[in-house]
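Novice: One rule links them: number in this note's numbering = place in the sequence shown (from 1) + 16. Note that the Cβ used here is the ideal one computed from N, Cα and C, for glycine as well. Since we're looking at a predicted model, the values are computed, not measured.
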Amino acid sequence: MKFKTLKEEKVLAMLNSVCRIKTLSTAELENFIQSYEVFSRQFMHPKEWFTTKNTAVMHTLEYMFEHHRERPSLKAVAEEMGKTRSWLSHMIIEECGMSYTDMLALVRVAEFINLLKENDISISCMSYDLGFEDAYSLCRVFKSVTGLTAKTYRKWSLKVEKVKMELGRRKRL
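Structure follows, in structure tokens:
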């Protein structure tokens, strides 16, 4: 699974360009929102990322989606199914094209993106709640998947909300 990443500098430049919302055209503001939504949409439905007909892999994916906050180990999933960890690991890579650990990190990043958009809980608190050892681990994985820091993504999300309010105000006039 390959996601479209963005350069941190590009997003920061976009954020700077919309600092003065009222001076920009409606089209410029709509383009700003669209770029955010296109980027964010790819992380919205993690269950649709992986498709397989292998029942062991399907069971593993379901377990991972249900228990990703609990730090589920591949060994525990394999034992529950009566399989070996190495066999299950091989099947996951063969069916999904990435390791169990990478898949688990992606699911956690997708949830993190939704949490960043919805509230201002500290990244440290979110990292633990999502099953990461610490905020550094979460931020490192987030940046490797998205190309952005969590702080920049959060700023972008907040700015999009302000731009939407401005567009709504303009439509009422």
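(1) Considering Cα atoms alone, identify which of Ser160, Lys171, Ser102 is closest to Asn32.
(2) Taking the C-alpha atoms as reference points, what is the distance between Ile109 and Ile37?
(3) Tell me which same chain residues have a C-beta within less than 8 Å of the C-beta of Met30, skipping the five on either side of it?
(4) Are there 16 or more other CB atoms within 10 angstroms of the CB of Glu127, so buried, or fewer, so exposed?
(5) Under 8 Å, do Val125 and Phe158 count as touching if we go by C-beta distance?
(6) Going straight from the alpha carbon of Thr76 to that of Glu95, what length do you get?
(7) What does the alpha-carbon distance come out to for the pair Val73 and Leu122?
Specialist: To lay it out plainly:
(1) Start at 1 with the first residue of the sequence shown, and residue 32 comes out as number 16. Cα-wise, what sits closest to Asn32 is Lys171.
(2) In the sequence shown, residue 109 corresponds to position 93, counting from 1. In the sequence shown, residue 37 corresponds to position 21, counting from 1. Cα to Cα, the separation comes out at about 46 Å.
(3) By 1-based counting over the sequence shown, the position of residue 30 is 14. For Met30, where only same-chain residues beyond five positions count, the Cβ hits under 8 Å are Phe48, Ser51, Trp172.
(4) Residue 127 sits at position 111 when you count from the first residue of the sequence shown. Its Cβ being crowded by 16 or more others within 10 Å, Glu127 is buried.
(5) Sequence index remark: in the sequence shown, residue 125 carries index 109 (1-based). Sequence index remark: in the sequence shown, residue 158 carries index 142 (1-based). For Val125 and Phe158, yes; Cβs fall inside 8 Å.
(6) Position 60 of the sequence shown, counting from 1, holds the residue named residue 76. Position 79 of the sequence shown, counting from 1, holds the residue named residue 95. In this structure, the CA atom of Thr76 is about 11 Å from the CA atom of Glu95.
(7) To locate residue 73, count along the sequence shown from 1; it is residue 57. To locate residue 122, count along the sequence shown from 1; it is residue 106. Rounded to whole angstroms, the gap between the alpha carbons of Val73 and Leu122 is 16 Å.
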